[in-house]
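Engineer: All the letters of the sequence shown, read from the start, carry residue numbers 256 to 1058 under the numbering used here.
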Amino acid sequence: MFLNYLKIAFRNLKKNKGYSFINIFGLAVGIACCIIILLFIQNEFSYDKYNKNYHRIYRICLDAKISNNELNSAQSSGPCGQAFVQEIPEVENYTRLRNYGFPVIRYKDKAFSEERFYWVDSSFFDVFTVHFIEGNPETALIQPNSVVITKSTAKKYFGNEEPIGKLLNSDRRKDYMVTGVIDDFPVNSSFHFDFLGSLASYQMENDRSWLSNNYETFILVKENVNSKELEEKIQRVSKAHIGPELIKVVGITYEQMFKGGSRYNYIIQPLSDIHLRSHRSNEIEPPGDILYVYIFSIIAFAILLIACINFTNLATARSSGRAKEVGIRKTLGSNQALLIRQFLTETILMSFIAMLFALLIVELFLPTFNSIANKHLDLQIFSNYYSVPILIVFVIIVGIIAGIYPAFVLSSLIPVKVLRGKLQRTSTKSFLRNFLVITQFSITIVLIVGAFIVDRQVDFVRNKKLGFNREQILIVKKTDDIGKDIQSFKNDITQLSSISDITNSTSIPGELFGDSAFRREGGGTEEVHDIRLLFTDYDFINTYQIKMLQGRFFSKDYANDTMAVVINEEAVKAMGIKDPLGKYLIRVGDNAKFKIIGITDNFNFESLHQKIQPLIFGLFRPAAFGRFVSVRFTSQYAKNAIKDIETIWHRYAGSQAFEYSFFNDDFAKLYASEQRTGQIFSIFSILAIFIACLGLLGLAAYTAEQRTKEIGIRKVLGATVSEIILMLTKEFTKWVLIANIIAWPAAYFLMNGWLENFAYRINLNIWVFILSGILALLIAVLTVSYQAIKAAITNPVESLRYE
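1) Given a threshold of 16 other Cβ atoms within 10 Å of its Cβ, counted over all protein chains shown, does Ile737 qualify as buried or as exposed?
2) Identify the continuous alpha helix (DSSP H) that holds Asn746 and give its terminal residues.
3) Can you find the residues in the same chain that come closer than 8 angstroms, C-beta to C-beta, to Phe1013, ignoring five residues on each side of it along the sequence?
4) Quick one: using the 10 Å Cβ neighbour count with 16 as the cut-off for buried, is Lys745 buried or exposed?
5) Just to confirm, are Leu451 and Val403 a CB contact at a threshold of 8 angstroms?
6) Can you confirm whether the segment 803–817 touches the segment 428–437 when touching is taken to mean that 3 or more C-beta pairs between the two stretches lie within less than 8 angstroms?
7) So, are the CB atoms of Asp899 and Gly765 less than 8 angstroms apart?
8) For Trp465, which three-state DSSP category applies?
9) Got a sec? Which residues, its chain only, sit under 6 angstroms from Phe448 by beta carbon, not counting five neighbours each side?
10) Considering only the beta carbon of each residue, do Ile497 and Leu454 sit closer than 8 angstroms?
11) Which whole-angstrom value is the C-beta distance of Leu282 and Ala609, which I expect to be below 8 angstroms?
12) What's the call for Arg427, buried or exposed, on a 16-neighbour Cβ count within 10 Å?
13) Who are the near neighbours of Gly853 in its chain, counting only those whose CB is closer than 7 angstroms to its CB and skipping five residues on each side?
14) Can you name the start and end residues of the beta strand (DSSP E) that Leu454 belongs to?
15) What residue does the alpha helix (DSSP H) around Gly498 start on, and which one ends it?
16) Out of Glu824, Ala878, Val436 and Val884, state which residue places its alpha-carbon closest to the alpha-carbon of Phe858.
17) My guess is that Ile553 and Phe939 are in contact by the Cβ rule of under 8 angstroms, so how many angstroms apart are they, rounded?
18) Evaluate Pro622 with the Cβ neighbour count: other Cβ atoms within 10 Å of its Cβ, from every protein chain shown; 16 or more gives buried, anything less gives exposed.
19) In the structure shown, what three-state DSSP assignment does Thr761 receive?
20) Going by DSSP, what residue range makes up the beta strand (DSSP E) through Ser368?
21) Could you tell me the alpha carbon to alpha carbon distance between Glu1058 and Glu965, rounded to whole angstroms?
22) Bridge partners of Ser874, per DSSP?
23) Skipping 5 residues on each side, what residues in its chain have a beta carbon closer than 6 angstroms to that of Ile279?
24) What is the rounded straight-line gap between the Cα of Gly919 and the Cα of Ile277?
25) Compute the Euclidean distance between the alpha carbons of Glu342 and Met830, then round it to the nearest angstrom.
26) Candidates Glu538, Val709 and Asn520: which alpha carbon is nearest Leu317's?
27) Within 10 angstroms of its Cβ, does Tyr313 collect 16 or more other Cβ (buried), or is it exposed?
28) Sorted by chain position, which residues of the same chain lie with C-beta nearer than 6 angstroms to Ser517's C-beta, five sequence neighbours on each side aside?
29) In chain order, what residues of the same chain have a beta carbon less than 7 angstroms from the beta carbon of Glu538, not counting five sequence neighbours either side?
30) Quick one: what's Gln805 bridged to in DSSP?
31) What is the C-beta distance between Ile703 and Glu776, in whole angstroms, given that I count them as a contact (C-beta under 8 angstroms)?
32) Looking only at its own chain, which residues have a Cβ that is under 7 angstroms from the Cβ of Thr384, when we skip the five neighbours before and after it?
33) Just to confirm before moving on: does the CB-CB distance between Ala395 and Ser401 stay below 8 angstroms?
34) Return the Cβ separation of Phe696 and Ala1031 in integer angstroms, given the expectation that the two are a contact with Cβ distance under 8 angstroms.
35) Taking all protein chains shown into account, decide if Ser464 is buried (16 or more other Cβ within 10 angstroms of its Cβ) or exposed.
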């Protein structure tokens, strides 16, 4: 029986080649899109799960509010991990990570500035799953001045030499012995390291302050621990230690802080949540976002739904073509259940063929998707034992979803009426087709609107005026290695005719800024503010062309400027300082006093996802320096400037690589995620339009076929070609117009939610929706017009002879 079903299915595919192609190819594209997005989603959820005990690893995070400043940091204090192990039975172990800068590592004639150099406790390998190629994980980081490196790092420095026991020099200051070589961290890890140095190398390993949050602390807990109860215990232990320090440093009790509306707590975050559900400051690496997983999941479902709608529409539309077959089968004894089985076998077969084409499409286009999404996705059908069964189940489900309604429609036909030729088109089937086409185009219009809005928002944040001039600035990176010669380096560059300004700073807009707690002089001890802090030289304000509102910036003419600060307008508002010039700020902890000498205009020194934060400028003390040198040049001399600066760089840095970038390019990277999202939105919107148009093409062909004689009669009676085209296209036009009414509110709700992630965003203007609707309408009309014109220009004699 089953073989008979397959034989009939193949006959029908061969008999109706055009409709079969539309169904199978449309379904294949829909399934391919779905597979690619599912691979993306699977990859996003796989982060950090390579760790054997990932379900028992939690990160300790700071959740605080000081005055009006919210502090949601991925970092915690130095002593908290050890205290939790000692005082909370559920905590088995802990480890800490810290970055002390970006050292230049040298071995013989090789020198590289290393950004992925972190210092960790020796317990790191007890908490995280790391495979050692050489060395002993139990002893590798116990001794000070020891370091474990990755396989690729060992190759970079030592080539074919044996790395164990070799010495690597850091910043020409200290040597570290290689005690282990490990595999590179997996792509789907929330953090990647090239060097893991022993935290015992630093006296700060014994940092006992509970109010200084400089470490990423991870704890390993026992099996089946209740996370809520664990967090409550962590907060009780933290309070017992933080309370005495608050009184000593700030002068208030824990209870007084809470009464004033502030808070200072530690919370726990599962390791598996870090990649998708973490929007904290001081992350080791930029995390992903669960919002995009939801968005792409909706897109995958929507595109597959569009493809299934095509199938259902065309199958129900052509049901009359198989009416006699159903009538004969029922007369010969076939019942409804057998007919349903037969028709579902056909749809599942088509789904299977579509799946084969879809896998081919995925293999062809996955590299392009990886390039756009910055991923390393791989289909690997046979790499897992469950892949093939999942695909088979997927084929069956899609086949059933696409074919269940047509199967019931065809199997329910009454034999007597069919064989007498009394089969009539029912309003139910017409209504269903109309409803499905409207649904299809509603989804398509939502995707088009989404693509427009994402593109406009990305363009907005890339081109928004930030409060400083970001054009024609070259950033020389990792200059801390030549720190002692930084002034000479600057002076030599200043001599170049192509250079107008140059400055050295601890950070630059778009990079992480440090922070520190301050209060205004004369304010209560509870008025503590955590404020972003940037140390720089005298030339920062001129190089970035930031506007001064009051007072002045640092100057060589004033010897005491190292004990002065310049603050932005937002800091004035946050701290409530009236007539700020000449007033003092008190640094919490050491009670050092800093005189306010100037107020800058607000400028966006962080991503436009965040509102402008309070900022304090501090002046480098003698012999201090930062890791960025910003150089403003004239555009016509850009190439010469880079070459000349590189020559000067090697004069001071020797063989260390010259690393530079243009500020505009670096700042644009803050929105790389949104830009990728916009590109993916656009691609899948085009594919959704393509699939929907395939369905419309098939329906238009069917409609023209059904009305062939009517068209012939109308032409004989004097109807023009344009009137016939209008007659055949107006129904489809009506469907798309109704789809707009449904799609616009849905698109507004979804995209307004996405835009809420930005502190600075575009307005949702009505023209975006109108333009999307017009575009969808034009595409639909052009698609249908092909069949309409073809039918309209047919000789009426041929139309009237049509059977």
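Glycine included, C-beta positions come from ideal geometry on N, C-alpha and C.
Structural biologist: Quick answer:
1) Within the sequence shown, the letter at position 482 stands for residue 737. By the neighbour-count rule (16 or more Cβ atoms within 10 Å), Ile737 is buried.
2) Position 491 of the sequence shown, counting from 1, holds the residue named residue 746. Counting along the chain, the alpha helix (DSSP H) containing Asn746 begins and ends at Ile741 to Thr749.
3) Here the question's residue 1013 lines up with position 758 in the sequence shown. Taken in chain order, the residues that qualify are Gln712, Val716, Leu863 and His864.
4) Within the sequence shown, residue 745 is the residue found at index 490, counting from 1. Buried.
5) As a first step, residue 451 must be located in the sequence shown, where it is residue number 196. As a first step, residue 403 must be located in the sequence shown, where it is residue number 148. Yes, they are a contact pair.
6) no
7) Here residue 899 corresponds to residue number 644 of the sequence shown, with the count starting at 1. Here residue 765 corresponds to residue number 510 of the sequence shown, with the count starting at 1. For Asp899 and Gly765, no; Cβs fall outside 8 angstroms.
8) Position 210 of the sequence shown, counted from the first residue, corresponds to residue 465. Looking at Trp465 - three-state DSSP - the assignment turns out to be coil, as it is neither helix nor strand.
9) One-based indexing of the sequence shown puts residue 448 at position 193. Closer than 6 angstroms at Cβ, skipping near neighbours: Arg371 and Tyr373.
10) Mapped onto the sequence shown, residue 497 falls at position 242. Mapped onto the sequence shown, residue 454 falls at position 199. No. Outside cutoff.
11) Residue 282 sits at position 27 when you count from the first residue of the sequence shown. Residue 609 sits at position 354 when you count from the first residue of the sequence shown. Contact holds; Cβ gap of about 4 angstroms.
12) The residue given as residue 427 occupies position 172 in the sequence shown. Around the beta carbon of Arg427, a 10 Å sphere encloses fewer than 16 other beta carbons of the protein chains shown; the residue is thus reported as exposed.
13) The residue labelled residue 853 in the question sits at position 598 within the sequence shown. Taken in chain order, the residues that qualify are Met803, Gln805, Gly806, Arg807, Phe808 and Val821.
14) Within the sequence shown, numbered from 1, the residue matching residue 454 stands at position 199. Taken as a continuous stretch (DSSP letters only), Leu454 belongs to no beta strand (DSSP E), as it is neither H nor E.
15) The sequence position of residue 498 within the sequence shown is 243, counting from 1. That run of the alpha helix (DSSP H) goes Ser482 to Val504.
16) In the sequence shown, counting from the first residue as 1, residue 858 sits at position 603. For Phe858, the nearest C-alpha among the options comes from Glu824.
17) For the purposes of this step, residue 553 is taken as residue 298 along the sequence shown, with counting starting at 1. For the purposes of this step, residue 939 is taken as residue 684 along the sequence shown, with counting starting at 1. Not quite, the Cβ-Cβ distance comes to about 10 angstroms (not below 8 angstroms), so this is no contact.
18) Counted from its first residue, the sequence shown places residue 622 at position 367. When all chains shown are included, Pro622 counts as exposed.
19) For the purposes of this step, residue 761 is taken as residue 506 along the sequence shown, with counting starting at 1. Coil at Thr761, not helix or strand.
20) In the sequence shown, residue 368 corresponds to position 113, counting from 1. Note, Ser368: beta strand (DSSP E), Lys365 to Ser368.
21) Locating residue 1058 in the sequence shown gives position 803, counting from the first residue. Locating residue 965 in the sequence shown gives position 710, counting from the first residue. Low per-residue confidence applies at Glu1058: pLDDT is 48, beneath 50, and the placement is therefore not dependable enough to give any value.
22) The residue you call residue 874 lines up with position 619 of the sequence shown. In the sequence under discussion, the amino acid at residue 874 is Leu, which differs from the Ser named in the question. DSSP, once it has assigned bridges, lists Thr791 as partnering Leu874.
23) Counted from its first residue, the sequence shown places residue 279 at position 24. Taken in chain order, the residues that qualify are Met605, Ile608 and Ala609.
24) Residue numbering aside, residue 919 sits at position 664 when the sequence shown is read from its first letter. Residue numbering aside, residue 277 sits at position 22 when the sequence shown is read from its first letter. It should be noted that the sequence gives Asn, not Gly, for residue 919. Near 46 angstroms, if we compare the C-alpha coordinates of Ile277 and Asn919.
25) As a working mapping, residue 342 is identified with position 87 in the sequence shown. As a working mapping, residue 830 is identified with position 575 in the sequence shown. Here the C-alpha atom of Glu342 lies approximately 38 angstroms from the C-alpha atom of Met830.
26) Taking the first residue of the sequence shown as position 1, residue 317 is located at position 62. Among Glu538, Val709 and Asn520, the Cα nearest to that of Leu317 is on Asn520.
27) On the sequence shown, residue 313 is found 58 positions in, with the first residue counted as 1. Buried: at least 16 other Cβ atoms inside 10 Å.
28) Taking the first residue of the sequence shown as 1, we reach residue 517 at position 262. Result list for Ser517: Lys320 and Ile321, in chain order.
29) Residue numbering aside, residue 538 sits at position 283 when the sequence shown is read from its first letter. So the qualifying residues of the chain are Ala329.
30) Indexing the sequence shown from 1 puts residue 805 at position 550. In the DSSP output, where bridge partners are listed per residue, Gln805 has Ile854.
31) Working through the sequence shown from its first residue, we reach residue 703 at position 448. Working through the sequence shown from its first residue, we reach residue 776 at position 521. Rounded to whole angstroms, the Cβ separation of Ile703 and Glu776 is 57 angstroms, and the two are not in contact under 8 angstroms.
32) Within the sequence shown, the letter at position 129 stands for residue 384. Hits under 7 angstroms: Tyr305, Asn306 and Lys307.
33) Within the sequence shown, residue 395 is the residue found at index 140, counting from 1. Within the sequence shown, residue 401 is the residue found at index 146, counting from 1. Their beta carbons are under 8 angstroms apart, which means Ala395 touches Ser401 by this criterion.
34) One-based indexing of the sequence shown puts residue 696 at position 441. One-based indexing of the sequence shown puts residue 1031 at position 776. With 8 angstroms as the limit, Phe696 and Ala1031 qualify as a contact, their Cβ atoms being about 6 angstroms apart.
35) For the purposes of this step, residue 464 is taken as the residue at position 209 of the sequence shown. With fewer than 16 other Cβ atoms within 10 Å, it is exposed.
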